[in-house]
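The next block holds one structure in the form of structure tokens; read it before the comments.
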Amino acid sequence: MSEEKKNVRVRFAPSPTGRLHVGGARTAIYNWAFARAMGGDFILRIEDTDPERSTEENVQVILNAMKWLGLDWDEGPEVGGQAGPYFQTQRTDTYAEALERLREHGSVYPCFCTKEELDAKRAAAEESEGGYAGYDRTCRDLDPAEAAARIEAGEPHVWRLRVPEGRGAIEFDDAVYGHVSFPAEVMDDMIVVRTDGSPTYNFAVVCDDANMGITHVIRGDDHLSNTPRQILIYEALGFDVPVFAHLSMILGPDGKKLSKRHGAASVEEFCERGYLPDAMVNFLALLGWSLDGETTLINRETLCEKFSLERVTKKDAVFDETKLDWMNGQYIKDMGPNAWVRSSLLWLAQANILGSAVAAGTPIDPEAREAAFDGAAIESALADVQERAVWYCDLYPLVSERLTRLDEAVDKLAFMFWGRNVQLDEKSVSKVLKKEGARADEALAACRGVLADEGVEWDAEALEKACRAEGERLEIKPKLLLQPLRVAVCGNMVSPPLFESIELLPREDVLARIDKVAAEVFGG
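Position one of the sequence shown corresponds to residue 59 (the working numbering), numbered consecutively onward.
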């Protein structure tokens, strides 16, 4: 279908009842990218009609998630705009006006059936052969004078939409699913305003979208069944029906709808685990859309230029966290040291705290980690990051090729803060230092001699070259020579580049670690 670059207005309308789910985030990304690609407007509207769960705190959670993702909105909370207000609870007058408009045209009628009466009719219908076919329109043809008198007397009532008799099939061309048709006879006279005067979801969303001039409604396909009902409301109000685009579900690896049972499911959780916003936007954008079927890494500028509804598939997408980890690692690798330090402040502070505990002789066990990261400790560690920003930037090359998430830096870099102490991994001690016939004690002593020689420049390349030369002289294979040194300095067999790490540490600390390990393991 043709997408005219003229007055395009789209919206993302979350309910502030908790964190922003990644499915909602993908919907927001598609709306935002479509608006940017079409030169249109992206509106953020808050559907806060749930009085118990729609809190100001939850509104801020939504706004913060949107800001973290970098999805700037043209109209909405904190921005304003001519189509406001942008909270449903502040738009009650527009719903009242729309109801009055429907009343004037005879498009709605009051229904006085009680819940108990409706429940009884439903139960009876479900026991019959035909089953339940919706509201039986008991009040549809009430005498207007009688209805008015009952309203005047204060009798509780709802307002129902009068579905036109003889209305043909409700059809529309969905930008993702193609032509869709619903038989009108299955549409009962739905409630548009409840007994307390509040609008139902379908009525409120149509009023909001129409009054805000929304041209394209891009949303999850769980709303597909709402669309024919909303079209009837658009028609009754005399509003133009927007273009609908329904997005397929996001599934977990087990083929079921993505939820908390699959692990992290909200934007905030992925932020807390050390994913980058650019990587999340890239990854979520590809859950149902593609640039060309091949390109995987797509920056947001390209997304905003090339996004189109024609390339959105109706096939359900699978949330592959392994792919997300790989993609996030690529973004970390390309972000550079300054951006990495800015994005990793909290995790670098935590690495500092864990390493400093080892340096002080009181390593923190896994169960006590969270308690160790208290406000005062974090504040002190953050101050160190600020004070030694250049040194922290130098840590980036050690891990840039090895991180898939920013939070992994905590454990990968804690050894850089051990000072003269070491926290040894027992498996590494057994497989490397105590391995029979490996000459680990000789290897460690040989490397120590090189590192203690002030005639050798304290530079990664020079130190490695000198150590390897000494190993050749002693006829110790490189692996057997350097692994003991790695364990002695870094605590385990798997660590960032060895000599690049040593270069960033004081010579006296490195020698002290080697001496400590030699004494503990070899008794020398």
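Just so it is clear, CB atoms sit at the ideal spot from N, CA and C, and this is done for glycine as well.
Would you grab the beta carbon distance between residue 106 and residue 117 for me? Rounded to a whole angstrom, and I think it's under 8 Å.
-> Taking a contact as a CB-CB distance under 8 Å, the pair residue 106 and residue 117 counts as one, their CB atoms being some 7 Å apart.
Which residue from 277, 507, 444 puts its Cα closest to that of residue 89?
-> Out of 277, 507, 444, 277 has the C-alpha closest to the C-alpha of residue 89.
Rounded C-alpha distance that separates residue 550 from residue 85 = Take the alpha-carbon of residue 550 and the one of residue 85: they are about 44 Å apart.
Under a three-way DSSP split, which group does residue 389 fall into?
-> Three-state DSSP puts residue 389 in a helix.
Roughly how many whole angstroms lie between the Cα atoms of residue 405 and residue 373?
-> Roughly 38 Å between the two C-alpha positions.
Apart from the five residues on each side of it in sequence, which residues of its chain come closer than 7 Å, Cβ to Cβ, to residue 172?
-> So the list is empty, once near-sequence residues are dropped.
According to the neighbour-count rule (16 or more other Cβ atoms, all chains shown, within 10 Å of its Cβ), is residue 386 buried or exposed?
-> Under this definition residue 386 is a buried residue.
Are residue 274 and residue 301 close, meaning C-beta to C-beta below 7 Å?
-> Yes, the pair counts as a contact, with Cβ atoms nearer than the cut-off.
Given residue 258, which residues of its chain have a CB within under 8 Å of its CB, disregarding the five upstream and five downstream residues?
-> Here the set comprises 248, 249, 250, 251, 252.
With a 10 Å radius around its C-beta and 16 neighbouring C-beta atoms as the bar for buried, classify residue 66 as buried or exposed.
-> Residue 66 is buried by the Cβ-count criterion.
Beta-carbon gap between residue 269 and residue 288 smaller than 7 Å | No. Outside cutoff.
Reduced DSSP category for residue 368 - H, G, I as helix; E, B as strand; rest coil = Secondary structure at residue 368: helix, using DSSP grouped into helix, strand and coil.
Residue ranges of each alpha helix (DSSP H) run of no fewer than 4 residues wholly in the stretch 271-329, ordered along the chain?
-> Secondary structure in the stretch 271-329: the alpha helix (DSSP H) runs of 4 residues or longer, each lying completely within the stretch, are 285-295 in chain order.
Are there 16 or more other CB atoms within 10 angstroms of the CB of residue 340, so buried, or fewer, so exposed?
-> Label assigned to residue 340: buried.
Of all the alpha helix (DSSP H) runs that stay within the bounds of the stretch 496-553, which reach a length of 4 or more residues?
-> Segments of the alpha helix (DSSP H) lying fully in the stretch 496-553: 498-510, 518-532, 536-548.
Pull up the CB-CB distance for residue 525 and residue 539, whole angstroms please, since I reckon it's below 8 Å.
-> Indeed, because the Cβ distance is near 7 Å, the residues count as touching under 8 Å.
Could you work out which residue in 393, 521, 72, 580 is closest to residue 568 when comparing CA atoms only?
-> It is 521 whose Cα lies nearest to the Cα of residue 568.
4 or more residues per run - each alpha helix (DSSP H) lying fully within the stretch 400-454 | With a minimum length of 4 residues, the unbroken runs of alpha helix (DSSP H) contained wholly in the stretch 400-454 fall at 403-417, 427-430, 433-445.
From what residue to what residue does the beta strand (DSSP E) around residue 228 run?
-> Where residue 228 is concerned, the enclosing beta strand (DSSP E) stretches over 228-232.
Strand pairing of residue 593, partner residues [DSSP] | Because the chain in this structure spans residues 59 to 582, residue 593 falls outside the shown range and cannot be described.
Would you decide whether residue 237 is buried or exposed? Buried here means 16 or more other CB atoms lie within 10 Å of its CB.
-> It is exposed - the Cβ of residue 237 has fewer than 16 other Cβ atoms within 10 Å.
With DSSP run on the structure shown, which of helix, strand or coil describes residue 249?
-> The answer is strand: DSSP assigns residue 249 an E or B state.
So residue 464 packs on residue 401, CB below 8 Å; how close in whole Å?
-> Between residue 464 and residue 401 a beta carbon distance of about 6 Å is seen, short of the 8 Å cut, so the two are scored as contacting.
If you compare alpha carbons, which of 355, 555, 514, 102 is closest to residue 457?
-> It is 555 whose Cα lies nearest to the Cα of residue 457.
Quick one: grab the DSSP three-state call for residue 375.
-> Residue state, collapsed to three classes: strand.
From residue 576 to residue 440, what distance separates their C-alpha atoms?
-> Each residue's alpha carbon lies about 34 Å from the other.
Three-state secondary structure (DSSP) of residue 134 = Annotated three-state conformation of residue 134 is strand, per DSSP.
Under the three-state DSSP convention, the category residue 119 falls into = The answer is helix: DSSP assigns residue 119 an H, G or I state.
Any idea which residues DSSP pairs residue 145 with across the strands?
-> The bridge partners DSSP lists for residue 145 are 104.
Where do the N-terminal and C-terminal ends of the alpha helix (DSSP H) with residue 240 fall, by residue?
-> Segment 236-240 is the beta strand (DSSP E) holding residue 240; no alpha helix (DSSP H) there.
DSSP state of residue 606, grouped into three classes?
-> Any property of residue 606 remains undetermined from this structure, which presents the chain solely from 59 to 582.
Under the rule that 16 or more other beta-carbon atoms within 10 Å means buried, what is residue 410, buried or exposed?
-> Classification of residue 410: buried, given that the 10 Å Cβ count is 16 or more.
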